[in-house]
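For this note's numbering, add 816 to where a residue sits in the sequence shown, where the first one is 1. Ideal placement from N, C-alpha and C gives every residue a C-beta, glycine not left out.
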Amino acid sequence: MDLSTERCNPNIERLPPLTRKETLELIRVVPGWSVVDGKLRRIYVKESFEDCVRFLTELDDLAKREGHFPDVSITKGSSLEVAWYTYKCGGITRNDFIMASRMNHSDRFQ
Numbered sequence: 817m818d819l820s821t822e823r824c825n826p827n828i829e830r831l832p833p834l835t836r837k838e839t840l841e842l843i844r845v846v847p848g849w850s851v852v853d854g855k856l857r858r859i860y861v862k863e864s865f866e867d868c869v870r871f872l873t874e875l876d877d878l879a880k881r882e883g884h885f886p887d888v889s890i891t892k893g894s895s896l897e898v899a900w901y902t903y904k905c906g907g908i909t910r911n912d913f914i915m916a917s918r919m920n921h922s923d924r925f926q
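As structure tokens, then:
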């Protein structure tokens, strides 16, 4: 299953959060990601703060194209955490996995 070729569903008000079973099935197709505190998370370690800012610029472009935005934090100047969660649905949705997969399949986020 290649989620990276899918587009996010813009009708997020109608999307139910994924069940535990669905989440466990989809987590297998996004290596490097894990579910922590109910969100789909991954930590990227960059060389510098400047590299984190470049990464965020690329992430901003992707998020704008799909209309789906992550939570992001930078710690220690070079450790960047990305967390996908669909607030309007109160949980993780397929859209979150699509975005994680698109990040995994793009050289811009390695």
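Query	Result
Residues in the same chain with beta-carbon distance under 8 Å from C824, minus the five sequence neighbours each way, listed in chain order, please.	E882, G883, H884, N911, I914 and M915
For V898, list the residues DSSP reports as bridge partners.	R858 and V888
From C868 to V845, what does the alpha carbon distance come to, in whole angstroms?	25 Å
According to DSSP, V851 sits in a beta bridge with which residue or residues?	L856
Using the rule of at least 16 other Cβ atoms within 10 Å of the residue's Cβ for burial, across every protein chain shown, is T821 buried or exposed?	exposed
Using only the alpha-carbon positions, how far apart do C905 and G848 sit?	24 Å
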